[in-house]
Every structure is written in structure tokens, then in C-alpha cells.
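Notes follow once the structure below has been shown.
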Amino acid sequence: MNIQSKPELQNINTKSAVLAAFAADLTYDDIPDSVVARMVDLFVDWVGSTFSGKGHRAIDIMEAFADAMGPRSGAAEILVNRQKTSAFFAALVNGSSSHISEQDDVHNGSVFHPAAVVFPAALAVAQETGASGKEFIVACIAGYEVGIRIGEFLGRSHYKVFHTTGTVGTLAAAAAAGKLYNLDLQSMLNAFGSAGTQSAGLWEFLRDAADSKQLHAGKSPAEGVLSAWLAHKGFTGASDILEGPQGMAAGMSSDANPDRLIDGLGGRWTVLETSFKFHSSCRHTHPSADAMLKVMTENNLKYGDVKSVVAYVHQAAIDVLGPVRHPQSVHQAKFCMAAVVGLIAVHGKAGVVAFSKVLQDDATLSFLDRVEMVFDPVIDAAYPQSWQGRVCVNTVDGQQFEAQVETPKGDPENTLSRTEIDTKVRSLVRFSDAVSERELDPLLARLWDVVNAKHCQNLIF
295 MNIQSKPELQ NINTKSAVLA AFAADLTYDD IPDSVVARMV DLFVDWVGST FSGKGHRAID
355 IMEAFADAMG PRSGAAEILV NRQKTSAFFA ALVNGSSSHI SEQDDVHNGS VFHPAAVVFP
415 AALAVAQETG ASGKEFIVAC IAGYEVGIRI GEFLGRSHYK VFHTTGTVGT LAAAAAAGKL
475 YNLDLQSMLN AFGSAGTQSA GLWEFLRDAA DSKQLHAGKS PAEGVLSAWL AHKGFTGASD
535 ILEGPQGMAA GMSSDANPDR LIDGLGGRWT VLETSFKFHS SCRHTHPSAD AMLKVMTENN
595 LKYGDVKSVV AYVHQAAIDV LGPVRHPQSV HQAKFCMAAV VGLIAVHGKA GVVAFSKVLQ
655 DDATLSFLDR VEMVFDPVID AAYPQSWQGR VCVNTVDGQQ FEAQVETPKG DPENTLSRTE
715 IDTKVRSLVR FSDAVSEREL DPLLARLWDV VNAKHCQNLI F
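What the sequence shown shows, in this note's numbering, is residues 295 to 755, in sequence order.
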């Protein structure tokens, strides 16, 4: 799709409305094959992340809530327990479950995890409406393109206090769900308005290892479904929820840039800019983790050789990771730079298995007081478009080694192949024991072929 080729979009008064019109009008034929293929990659990756949430205490509680409060039958699948329910409650649990292992994707420029909110909403509504695989993929692309641009619009100041996946995610999910409900421009704007007024998610939970991050990732797709369903029935919402004088930018940002809402719309596909997660931790740790692995490997170092580590980082890494020095839970450890660097030094990886034992891992815990984060103005200037990392390792025998990484593993320029995605999904599923070996091959075959599915009901099971 090219905005210049659609004159009806040029007569709309606000950039928010242009973005809503783009989502409402998007068709499969508008989308390049490369974007469709990457969307399928991201979907398969998300399913693995969702299954990895099975058995986590916080997800068990979300499942119990859905069981107590939601219908016990319906068209939408809760992946971790294979129960059927309404689209709202399936989106709630699947969103929460997909975000807890910290293996879901991320878009660097918006600092936003689109998979955790777009796919749960889109899959649930696609199953409810009987949408085809192509219709599902189009809806997901609409959700990504809308959510990522709103995240970029709200800017760096927003992320300092607000968890973008919790705030922006509600609108991204509304766009995806709204596409499957066939919303027109005005109805899509109404969905945006209802989603934006419910937008929430604060970082304070990091300080005491609370479960709020899973709540953010669950409520965003659920409220996106709610907003789209209401708009589908004629419920109205604020028509200028993003740019208005009492809208999201006014209340949640000091550097909002409305031009970002339509930047390259229809020609610049942000789906192609989205990164996969290689390590099972907060994305802000990944550049340093990759740099640490490079130092250890290139210099043949063992963890016992390391006296201290300095990780040079951007300011947002300090804002998010700084509160966590001595983690009290596995999930909190994923937001601790020292724990992640320690896992790399000791085990050569920071995956779900290593993290599951991190609080009993004395060798890794010994790094908690040996790793320091230091602000680097050059790295900060490149952020968020480029997430770079540099570490300096001092050894017990007085040597010093440095390494820098400009493109962490998983970024589009250093992406995961389909073979690597397949391996990652299998690893996550086996870790959680959510799918049997007998079921795994046919499941992955269905997922990779989702575009050709006649409908999305029973797509997973």
C-alpha cells in the first residue's frame, strides 16, 4: 500500500486518523511477500514463547481467573491449558503467558514487544470469527504497524515511566482485532479511543519482583479485543486519543512526535524491523550479553578468570535494569544485568533452562557484585534505533579485555533463520512440557503454513 496512491487518506484531518484508515483499509494484496513471510516467522516464534509460560505461578493465576470469570466454552484457545473460552479471556491468558519467559520479539525503535499483544488478540478473534489464515496475518500486520508507530510517536520520555507494551499494546491489539471485525475508519478510530483511554502499565513493579509485567501483557490484548468489539457494535471512543490536548501524548510523553505516526506508512514495513530474542531476558541486557560472550570466547576465558565487568549501556537500560541488583525471583533476574552477564560467563548462554536454576546457581550469583553498568553517551545516542553494547572485563591476573556489539543476535541484520526459530520453539515447548513430541511436528507444520489455513479454529490443537 502506498499512501500517495490512496487519495482518500490525504483528506483526513489528523495523523491518528490516517493511521486508523491504513489499518482499516489494509488488504493482503497491499503487503509484500517478504513482510508476510516475516509475519509468519514472528507468529511461530510467539507460539513457542506462549507455550513456555505453562506452569509459571503467575500464569496459573491468570488461568484460574479466566476459569472463574470467563465462559468455559467458546471458539478461542488458551494455549497453555488447551481450554476453550471467549476471545477476551483467551487473549488475556495467552498474552500473559507469551511474555513471562522474555523470549517474545521486540521492535527497537519503539521499545515495544508487539507479539505479546498483537497475536493473542488476533488469534482469539480470528478463531471466534472463523477468519482465514490470510485474514489473520493481515490483521497481525495491521497491529504491528499501528503499535510500533504509536510507540515511536510517544518517544523516549514515555518509556522512562511507562511499560510501552502495556500502554501502546492496547491500541496495537485493538487495530488487529478491529481488522478482523471489519471495522471501517470511524469504527477503527472509536476502537483506538476506547483502547487509549484504558492504556496503562508502570515500571514500578521491577523494584519488588511483582507480577505486573504479565498483567500488562494480558490486559493489553484483552482490552484491545474489548475495544474493537465495542466499536464493532457502535460504541464510540475519543477520535483524537493520541494527539488530543488531553490524550495519551499529553499525559504520557514530553517528546511526542506526531510525524512518527505515519512515517513511511505503506512503504516502510516495521514488521521487517522487528527483532527476535535470543537470550531469555530483558532486551536491554542482550547487547552486553553478546559482548560478554564475545570476550569470553575470543580470549578463552573461564568464569573464574573474571574479577569484574563494566557494561557500557544506554540510559534506558539503567532506568529499567538499575533497580534490580539482587533479584528475588527468576523473572526479576531477567532484569538484572549482573545475573545475565553471570549466566553468560558461567554457562555461555542465558536461556530458559539456565534461568530456571539461577537463584540456586552460586557461580552465577557471585557476579551480582562484580558487574557495573556505566552510561555511554555514544551508545545512548544510537539508541533506540540501534541497541549497542560494550563490556570491559578485568581478570584476576590483571588483564583487561573489551568487546563491542553493534547488532545483537536476533536483530534484522543478525536475524534468526527459520531453522533457528524452529529450534527455539522446540526448546521452549520441551522446557514447559506443553506439547508432546508426537504433537510437535504436525503443530509446527500447521504454524508455518498458517497463510494457507482455511480458518484459524483449532489452529493450535
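Idealized CB from N, CA, C, for every residue including glycine.
{"Query": "N-terminal and C-terminal residue of the beta strand (DSSP E) that K507 is part of", "Result": "K507 -> not in any beta strand (DSSP E); alpha helix (DSSP H) instead, spanning 506 to 526."}
{"Query": "For Y438, the nearest candidate out of F345, D398, A470, H457 (CA to CA)", "Result": "A470"}
{"Query": "Where the alpha helix (DSSP H) containing G389 begins and where it ends", "Result": "381 to 393"}
{"Query": "Length at least 3, wholly inside the stretch 632 to 671: the beta strand (DSSP E) runs in chain order", "Result": "665 to 669"}
{"Query": "Whole-angstrom distance between V723 and G636, CA atom to CA atom", "Result": "25 Å"}
{"Query": "Delimiting residues of the beta strand (DSSP E) encompassing E696", "Result": "694 to 699"}
{"Query": "CB-CB length for G445 against V411, believed under 8 Å", "Result": "Incorrect: roughly 11 Å between the Cβ atoms, too far for contact."}
{"Query": "Distance, A409 Cα to Y606 Cα", "Result": "28 Å"}
{"Query": "One or two residues paired with I689 in a DSSP bridge", "Result": "In the sequence under discussion, the amino acid at residue 689 is Thr, which differs from the Ile named in the question. Beta-bridge pairing links T689 to V600."}
{"Query": "For A381 and A418, believed in contact at Cβ under 8 Å, the rounded distance", "Result": "4 Å"}
{"Query": "Opening and closing residue of the alpha helix (DSSP H) in which A433 lies", "Result": "427 to 455"}
{"Query": "Status (buried if at least 16 other CB within 10 Å, exposed otherwise) for T568", "Result": "buried"}
{"Query": "M542 vs A318 beta-carbon contact at 8 Å", "Result": "no"}
{"Query": "Bounding residues of the alpha helix (DSSP H) (the contiguous stretch that carries A318)", "Result": "309 to 319"}
{"Query": "Per-residue burial, D655 [other beta carbons within 10 Å of its own, 16 or more giving buried]", "Result": "buried"}
{"Query": "Own chain partners of Q298 with C-beta closer than 7 Å, once the 5 adjacent residues on each side are dropped", "Result": "A caution first: Q298 carries a pLDDT of 44, below 50, which makes its placement in the model unreliable, though a value can still be read off. Cβ neighbours of Q298 beyond the five flanking positions: none."}
{"Query": "Three or more C-beta pairs below 8 Å linking the stretch 459 to 478 and the stretch 356 to 372", "Result": "no"}
{"Query": "Beta-carbon spacing of H580, P678 below 8 Å", "Result": "no"}
{"Query": "S328 burial status per 10 Å Cβ neighbour count (16 or more: buried)", "Result": "exposed"}
{"Query": "Contact set for D716: own chain, Cβ-Cβ below 7 Å, skip 5 residues either direction", "Result": "L738"}
{"Query": "Collapsed DSSP secondary structure at L615 in the structure displayed", "Result": "helix"}
{"Query": "Local Cβ density within 10 Å of L313, reported as buried at 16 or more and exposed below that", "Result": "buried"}
{"Query": "Buried or exposed (CB count within 10 angstroms, at least 16 for buried), T564", "Result": "buried"}
{"Query": "Chain-order list of residues whose beta-carbon lies under 6 Å from that of H407 (same chain, five-residue window excluded)", "Result": "D398, V400, T459"}
{"Query": "For G495 and V387, believed in contact at Cβ under 8 Å, the rounded distance", "Result": "About 18 Å separates the two Cβ atoms, so there is no contact after all."}
{"Query": "Cα-Cα separation, E757 to S575", "Result": "Beyond the ends of the chain as shown, which are 295 and 755, falls residue 757; an answer cannot be given."}
{"Query": "Nearest-angstrom Cβ-Cβ length linking P621 and A504, presumed shorter than 8 Å", "Result": "13 Å between Cβ atoms; not a contact."}
{"Query": "C-alpha distance - R332 paired with L566, whole-angstrom precision", "Result": "7 Å"}
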